[in-house]
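Before any comments, here is the structure.
There are 2 protein chains.
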Amino acid sequence: AKPRVGYFYTGDRSGKAEADRLKKMRVKDYQSLPVVVKEVSTVYDAIVTMFLEDVGTIFVVNDKDELSGILSRKDLLRASMGKQELENIPVSIIMTRMPNVAVCFEEDTLLEAANQLIHKQIDGLPVVEKRVENDETFYGVIGRISKTTITEAFVSLVNGDDETGSQL
Amino acid sequence: AKPRVGYFYTGDRSGKAEADRLKKMRVKDYQSLPVVVKEVSTVYDAIVTMFLEDVGTIFVVNDKDELSGILSRKDLLRASMGKQELENIPVSIIMTRMPNVAVCFEEDTLLEAANQLIHKQIDGLPVVEKRVENDETFYGVIGRISKTTITEAFVSLVNGDDETGSQL
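Residue numbers (this note's numbering), protein chains in the order written: chain A, 9 to 176; chain S, 9 to 176.
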């Protein structure tokens with residue numbers, strides 16, 4: 009976009025314009041691909057997946073690909089400290105289970121997602137879409153928001169190269 | 009601060025003002041307390057410390073309290089997957105060792121720290137102060153910057169309640 013140079017009525021220079029601009033950042037514009045394992049996967053498989061994909065959070069889905077739980081690095085570290093064989097424990101035993109999993113939607117603002125990460129003290133959120141079947145609600149997993157996502161958005165904001173802004 | 013309302017020459021409305029404001033955010037205004045273990049601590053102790061303090065990164069110091077290494081959750085998870093007794097392995101065996109540890113300083117901008125987190129693919133940075141003894145440089149650990157720090161700064165920015173801004 010062309011830089012607009014000249015006199016403008018700004019009304020309020022106390023930061024409202026910046027805040028408004030930042031508030032327009034949406035989950036759908038920043039989300040990453042989700043990393044998912046099945047409920048029947050072993051804890052060992054989940055740890056290998058976490059290393060291969062280099063993520064802090066893994067989402068667990070049932071056989072209809074609906075969100076059933078979530079695994080953090082802490083959950084996996086805790087399990088690996090135990091005396092059990094990791095190859096014999098399904099992730100469904102150690103995961104945090106629905107409906108206790110915090111989720112977000114593509115239309116949510118990045119601020120709402122970041123607020124959840126901070127206040128719920130979690131590293132990642134699944135981006136989900138609602139599916140209603142026989143009056144029951146399920147969630148399909150379509151993306152991932154993490155503290156890495158927010159850190160990247162922060163950097164792009166400060167550099168002025170985010171999509172809602174325009175910078176030469 | 010009082011809101012300044014009226015006509016101002018803005019010069020450039022392409023986001024430069026916001027970016028300038030964000031660029032003034034400094035590490036010293038956002039850092040947390042560092043979580044530290046000694047080189048002779050065991051991997052088991054480090055894992056317990058990580059859970060108790062609920063951090064993703066632990067800094068390792070020598071007997072003069074100088075930074076000698078760093079431990080991530082991934083390092084500890086990798087170690088706990090091994091066959092060795094965690095009570096018998098000192099952290100100095102598995103840590104990433106100086107000078108291969110990324111650091112930052114209190115006067116650095118939060119943007120510089122966030123850039124390091126993203127480009128070096130790490131979760132946390134020690135905030136250090138330089139000490140020169142007999143022509144050798146050492147680093148004392150005085151703080152911690154993590155992706156959680158950056159996510160909190162992002163939230164405070166969007167809410168307009170960061171220290172460099174002023175919002176009613």
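Glycine is no exception: its CB is placed at the ideal position from the N, C-alpha and C atoms.
- For Leu-75 of chain S, same chain residues with a beta-carbon under 8 Å away, outside a window of 5 residues either side, are Phe-67, Val-68, Val-69, Met-106, Val-109, Val-111, Pro-134, Val-136, Phe-146, Tyr-147, Gly-148 and Val-149 in chain order.
- For the region 76 to 109 of chain A, the set of positions with a beta-carbon nearer than 8 Å to some beta-carbon of chain S reads Arg-81, Lys-82, Leu-84, Leu-85, Arg-86, Ser-88, Met-89 and Leu-94 in chain order.
- Contact with chain A is absent for Gly-151 of chain S, since none of that chain's Cβ atoms lies less than 9 Å from the residue's Cβ.
- Excluding five sequence positions before and after Arg-139 of chain A, the CB atoms of its chain that fall closer than 8 Å to its own CB belong to Glu-74, Thr-145, Phe-146, Tyr-147 and Gly-148, given in chain order.
- Identification of chain S residues near Lys-31 of chain A by a Cβ-Cβ cut-off of 8 Å yields Val-166, ordered along the chain.
- Assigned with DSSP and collapsed to three states, Ile-66 of chain S falls in strand.
- Each residue's CA atom was taken as its position, placing Thr-157 of chain S and Asn-142 of chain A some 43 Å apart.
- Residue pairing from DSSP places Lys-46 of chain A in a beta bridge opposite A:Val-69.
- For Ile-55 of chain A, the residues of chain S that pass the 8 Å Cβ criterion are Leu-85 and Met-89, in the order they occur in the chain.
- Sequence-distant partners of Thr-50 of chain A (beyond 5 residues in either direction) whose C-beta falls short of 8 Å from its own C-beta, in its chain, are Leu-94, Glu-95, Asn-96, Ile-97, Pro-98 and Val-99.
- Interface criterion not met: the Cβ of Asp-116 of chain A is under 9 Å from no Cβ in chain S.
- Restricting attention to S:Leu-119, S:Thr-65, S:Lys-32 and S:Lys-128, the CA atom closest to the CA of Gly-151 of chain S is found in S:Thr-65.
- DSSP links Thr-157 of chain A through a beta bridge to no other residue.
- Remark: C-beta atoms of Leu-79 of chain S and Met-58 of chain S approach each other more closely than 9 Å.
- The beta carbons of Val-166 of chain S and Leu-30 of chain A sit closer together than 9 Å.
- Collapsing the DSSP output to three states places Val-56 of chain A in a helix.
- Closest in alpha carbon position to Asp-71 of chain S, among S:Phe-162, S:Leu-85 and S:Val-45, is S:Val-45.
- Per DSSP, reduced to three states, the secondary structure at Lys-91 of chain S is coil, with no helix or strand assignment.
- Just so you know, the alpha carbons of Leu-118 of chain A and Thr-117 of chain S end up roughly 22 Å apart.
- Nearest CB-CB separation between Glu-61 of chain A and chain S: not below the 9 Å threshold.
- Apart from sequence neighbours up to five positions away, the residues of its chain that approach Val-43 of chain A with a beta-carbon distance below 6 Å are Glu-61, Val-63 and Ile-66, ordered along the chain.
- For Ile-158 of chain A, the neighbours in chain S by C-beta distance under 8 Å run, in chain order, Lys-155, Ile-158, Thr-159 and Phe-162.
- Within the region 84 to 154 of chain S, the complete beta strand (DSSP E) segments of 3 residues or longer fall at 132 to 141 and 144 to 154, listed in chain order.
- Judged by DSSP in its simplified three-state form, Leu-41 of chain S adopts coil rather than helix or strand.
- None of the residues of the region 135 to 147 of chain S has a beta carbon lying less than 9 Å from any beta carbon of chain A.
- Below the 7 Å Cβ cutoff, chain S contributes Val-163 and Val-166 as neighbours of Leu-119 of chain A, in chain order.
- According to DSSP, Arg-34 of chain S shares a beta bridge with S:Thr-117.
- If you check the CB distance, Asn-123 of chain S and Val-35 of chain A do not come in under 9 Å.
- Only exposed fits Gly-90 of chain S, as fewer than 16 other CB atoms lie within 10 angstroms of its CB.
- Within 10 angstroms of the beta-carbon of Lys-155 of chain S lie 16 or more other beta-carbons, which makes it buried.
- Taking a contact as a CB-CB distance under 8 Å, the pair Arg-81 of chain S and Leu-85 of chain A counts as one, their CB atoms being some 6 Å apart.
- Exposure of Glu-115 of chain A is indicated by the presence of fewer than 16 other C-beta atoms within 10 angstroms of its C-beta.
- Excluding its 5 nearest sequence neighbours in each direction, Ser-88 of chain S has C-beta neighbours in its own chain below 8 Å: Val-51, Ile-55 and Leu-94, listed in chain order.
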